[in-house]
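**Q** Counting in the numbering used here, the sequence shown runs from 51 upward without gaps.
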Amino acid sequence: MKELKRVLLKLSGEALAENGSYNEAEIKRIAEQVKELYDKGTQICIVIGGGNIWRGRTGIEIDRPKSDSIGMLATLMNCIYVSEFFRYAGMKTAIMTPFVCGNFTELFSKDLANKYFEEGKVLFFAGGTGHPYFTTDTLMSLRAIELNVDMILAAKAIDGVYDKDPKKHPDAVKYDRISIEEVVEKKLGVIDLFASCLLLENKIPMRIFSLTEKDSIRNSLSEQFNGTEVTID
Ligand code: UDP
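1) How about Thr143 and Ala176: are their beta carbons less than 8 Å apart?
2) Compute the Euclidean distance between the alpha carbons of Gly140 and Gly91, then round it to the nearest angstrom.
3) Let me check understanding here. Comparing Cα to Cα, which of Ser270, Gly63, Leu238 and Phe259 lies closest to Trp104?
4) Should the segment 160-174 be called in touch with the segment 208-227, which here means at least 3 C-beta pairs below 8 Å?
5) Counting only the same chain and skipping the five closest in sequence on each side, list residues whose C-beta sits under 8 Å from that of Gly180.
6) Of all the CB atoms in chain B, is at least one closer than 8 Å to the CB of Phe154?
7) Please specify which runs of the beta strand (DSSP E), each continuous and at least 3 residues long, are wholly inside the segment 97-173, giving them in chain order.
8) Taking the alpha-carbon positions, what's the Ala204 to Ile112 distance?
9) Are there any heavy atoms of the ligand UDP lying less than 7 Å away from the beta-carbon of Thr281, as far as the coordinates show?
10) With distances taken Cα to Cα, identify the nearest neighbour of Thr188 among Asp221, Phe244 and Val234.
11) Would you kindly check if the distance between the Cβ of Ala65 and the Cβ of Thr262 is under 8 Å?
12) For Phe244, report the span of its beta strand (DSSP E) as first-last.
13) For Met146, is the beta carbon positioned less than 7 Å from some heavy atom of the ligand SAM?
14) Which residue from Glu82, Glu74 and Asn73 puts its Cα closest to that of Asp265?
15) Among Met256, Asn269 and Glu273, which has the Cα closest to the Cα of Asp283?
16) Just how far apart, CA to CA, sit Gln93 and Asp200?
17) Could you name the residues that DSSP lists as bridge partners for Met256?
18) Measure the alpha-carbon distance for Phe136 versus Phe275 and round it to whole angstroms.
19) Which residue or residues does DSSP assign as beta-bridge partners of Gln93?
20) Would you mind giving the Cβ-Cβ distance between Tyr131 and Tyr88, rounded to the nearest angstrom? I have them listed as a contact below 8 Å.
21) Quick one: using the 10 Å Cβ neighbour count with 16 as the cut-off for buried, is Lys206 buried or exposed?
Here's what the structure looks like:
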């Protein structure tokens, strides 16, 4: 595989958690694997979900935009937490948000992101898109496009793209390779449809794999990769 200059890593919020708390050992392993890429000079940006902290409206009637605001703030907490592990592992980091967040994050702009890449920082994109009714998958696609990343590495709670939901259908079949066009046509739900449409239009390749599998980030760019390769041809 050709050397990748810039990648976006999407981490599922769910996969960071264990028994209602952060899985520290898992997050350390993530930091170690990302550090290997970082040491090769690859520019890395990270989007983290929020599903470990907030799974949407439950119990009382809460307005959707309010519920989504909580979700966006959950992604911010995850980014602050995980970025500290990265810093401890020897990487320079910055957290960028689409809204002002006091002095603990910086407002996202493409120019500032590019400047930080040149300075060798791993960039965390927290707070989602800043808009309700979107997901962190949408943010993943948007930032990947804006920053011209060579590849998206989507580390999920599931190990790839299936022809139907494997939780509901035990006979679901996993694809080793599938075009983004087919993902959109068949409305395969591994990432949300809007995020897939953006990737289809803007032709960004993606590898989807399970975050919980040992060494999965390391393997995602090697022969050992065993998730689904989403192609753009
Ligand atoms: N969210 C949002 N706008 C965004 C990104 C996220 O409103 O641009 C909210 C939404 O409620 C979502 C939650 O934040 O459910 C957490 O994000 P996501 O579901 O993508 O996290 P994951 O399930 O991947 O952990």
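Ideal placement from N, C-alpha and C gives every residue a C-beta, glycine not left out.
**A** In brief:
1) On the sequence shown, residue 143 is found 93 positions in, with the first residue counted as 1. On the sequence shown, residue 176 is found 126 positions in, with the first residue counted as 1. No; because the gap between Cβ atoms is not below 8 Å, this pair is not in contact.
2) Taking the sequence shown and counting its residues from 1, the one referred to as residue 140 is at position 90. Taking the sequence shown and counting its residues from 1, the one referred to as residue 91 is at position 41. Between Gly140 and Gly91, the C-alpha separation is close to 13 Å.
3) Position 54 of the sequence shown holds residue 104. Comparing Cα positions, the closest option is Gly63.
4) no
5) Within the sequence shown, residue 180 is the residue found at index 130, counting from 1. Only Met122, Thr147, Pro148 and Phe149 meet the Cβ criterion.
6) Judged by its chain identifiers, the structure shown contains no chain B, having just a single protein chain.
7) 142-147
8) If you number the sequence shown from 1, residue 204 lands on position 154. If you number the sequence shown from 1, residue 112 lands on position 62. Roughly 30 Å between the two C-alpha positions.
9) By one-based count along the sequence shown, residue 281 stands at place 231. Thr281: no, Cβ never under 7 Å from the ligand UDP.
10) Stepping through the sequence shown from its first residue, residue 188 is reached at position 138. For Thr188, the closest alpha carbon among the candidates Asp221, Phe244 and Val234 is that of Phe244.
11) Along the sequence shown, one-based indexing puts residue 262 at 212. Along the sequence shown, one-based indexing puts residue 65 at 15. Yes. Within cutoff.
12) For the purposes of this step, residue 244 is identified with residue 194 of the sequence shown, where counting begins at 1. Run containing Phe244: none in the beta strand (DSSP E); it sits in the alpha helix (DSSP H), Leu243 to Asn252.
13) Only the ligand UDP can be found as ligands here, which leaves the ligand SAM out of the picture.
14) The residue labelled residue 265 in the question sits at position 215 within the sequence shown. Of Glu82, Glu74 and Asn73, the residue nearest in Cα terms is Glu82.
15) Counted from its first residue, the sequence shown places residue 283 at position 233. The shortest C-alpha separation from Asp283 is found at Met256.
16) Your numbering for residue 93 matches position 43 in the sequence shown. Your numbering for residue 200 matches position 150 in the sequence shown. Rounded to whole angstroms, Gln93 to Asp200 spans 10 Å at the Cα level.
17) For this step, residue 256 is matched to residue 206 along the sequence shown. DSSP lists Ile202 and Val280 as partners of Met256.
18) As a working mapping, residue 136 is identified with position 86 in the sequence shown. As a working mapping, residue 275 is identified with position 225 in the sequence shown. Using only the alpha carbons, I get a separation of about 23 Å.
19) Looking up residue 93 in the sequence shown gives position 43. Paired residues: Arg56.
20) Sequence index remark: in the sequence shown, residue 131 carries index 81 (1-based). Sequence index remark: in the sequence shown, residue 88 carries index 38 (1-based). Not a contact, Cβ separation roughly 19 Å.
21) To locate residue 206, count along the sequence shown from 1; it is residue 156. Flag for Lys206 reads buried.
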